[in-house]
Amino acid sequence: MEYFPIFCRLQDKRCLIVGGGRVATHKAQGLLAAGALLRLVAPAITPELDNLRAQYAIEWRQAPFSPQHLESCWLAIAATSDPVVNRQVAEAANAERVFCNVVDDPSAASFITPAIIDRSPVIIALSCGGNAPVYSKILKAHVAGHLPAGMRERVLLAGSLRERVNNACSDRDRKRAFWTAFFQHGPLQQALQQGNSAEVEQQVEWLIRHRLLSA
Numbered sequence: 001m002e003y004f005p006i007f008c009r010l011q012d013k014r015c016l017i018v019g020g021g022r023v024a025t026h027k028a029q030g031l032l033a034a035g036a037l038l039r040l041v042a043p044a045i046t047p048e049l050d051n052l053r054a055q056y057a058i059e060w061r062q063a064p065f066s067p068q069h070l071e072s073c074w075l076a077i078a079a080t081s082d083p084v085v086n087r088q089v090a091e092a093a094n095a096e097r098v099f100c101n102v103v104d105d106p107s108a109a110s111f112i113t114p115a116i117i118d119r120s121p122v123i124i125a126l127s128c129g130g131n132a133p134v135y136s137k138i139l140k141a142h143v144a145g146h147l148p149a150g151m152r153e154r155v156l157l158a159g160s161l162r163e164r165v166n167n168a169c170s171d172r173d174r175k176r177a178f179w180t181a182f183f184q185h186g187p188l189q190q191a192l193q194q195g196n197s198a199e200v201e202q203q204v205e206w207l208i209r210h211r212l213l214s215a
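Here the sequence shown stands for residues 1 to 215, where the numbers follow full-length UniProt numbering.
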């Protein structure tokens, strides 16, 4: 396994993007969606990126890249159209032990970004290791088309029930059996899809009695 997959909590953490074009705009949108604080380094930026800058108070340094721009940053993305500049960003980031993604040059990067299916809180990331980005997108479309209906709602409900289940039973095997049944229980899925909160609660109670607390 060449890359270790990891989900990072970036809320309120400073991230650097070097570049101001279309790719930089796309990268900025993803980081902002994760709650990151952005520092943008580019002589000029797209109108869309300028709108994001105003909306999210992005720190824009209208200058050529300098290693000082990495100060206090958790990760960096080199997204310019100049391979030389991108390599300079990567080398400076590596020297500062800052993870760096390099657009169109995974060999110079310390991390790569996957194709993402966002059904928060369910997030699915797919990667071909930087070898075939187009195929990653094909796989993304295939997987997204086969996700179960109501997946997001069921996961949110599960999160709201965790404390209740843990308080009701401490046996790991029983809890595992409960959660397996929870995610496969047809009547609960139907109630969630219909938005029938009373029936949802009834089905949860049934599962707790018969899959968690029963001998």
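The beta carbon of each residue, even a glycine, is placed where N, CA and C say it ideally should be.
Q) Cβ of leucine 40 within 8 Å of Cβ of arginine 22? A) Numbered from its first residue, the sequence shown carries residue 40 at position 40. Numbered from its first residue, the sequence shown carries residue 22 at position 22. It is not a contact, given that the beta carbons lie outside the stated cut-off.
Handout entry: DSSP three-state assignment for tryptophan 60, whether helix, strand or coil
Key = Stepping through the sequence shown from its first residue, residue 60 is reached at position 60. Tryptophan 60: strand per DSSP, three-state reduction.
(message) Less than 8 Å between the C-beta atoms of alanine 76 and leucine 16, yes or no?
(response) Counted from its first residue, the sequence shown places residue 76 at position 76. Counted from its first residue, the sequence shown places residue 16 at position 16. Yes. Within cutoff.
From Ala78, Asp82, Asp171 and Ala125, residue whose alpha carbon lies closest to that of alanine 141: In the sequence shown, residue 141 corresponds to position 141, counting from 1. Alanine 141 has its Cα closest to that of Ala125, out of Ala78, Asp82, Asp171 and Ala125.
Q: To the nearest angstrom, report how far apart isoleucine 123 and alanine 144 are at their CA atoms.
A: In the sequence shown, residue 123 corresponds to position 123, counting from 1. In the sequence shown, residue 144 corresponds to position 144, counting from 1. Distance between the alpha carbons of isoleucine 123 and alanine 144 is about 11 Å.
Checklist entry - How far does the beta strand (DSSP E) with alanine 168 in it reach, from first residue to last? => result Your numbering for residue 168 matches position 168 in the sequence shown. Taken as a continuous stretch (DSSP letters only), alanine 168 belongs to no beta strand (DSSP E), being part of the alpha helix (DSSP H) at 151–168.
Within 8 Å, strictly: CB atoms of valine 102 and alanine 108: Against the sequence shown, residue 102 aligns to sequence position 102. Against the sequence shown, residue 108 aligns to sequence position 108. Their beta carbons are under 8 Å apart, which means valine 102 touches alanine 108 by this criterion.
(request) Express the C-alpha separation of phenylalanine 7 and alanine 177 in angstroms, rounding to a whole number. (result) Within the sequence shown, residue 177 is the residue found at index 177, counting from 1. Within the sequence shown, residue 7 is the residue found at index 7, counting from 1. The straight-line gap from Cα to Cα measures roughly 27 Å.
Practice problem: Mark glycine 20 as exposed unless 16 or more other C-beta atoms lie within 10 angstroms of its C-beta, in which case mark it buried. | Solution: Taking the first residue of the sequence shown as 1, we reach residue 20 at position 20. Looking at its Cβ environment, which holds 16 or more other Cβ atoms inside 10 Å, glycine 20 is buried.
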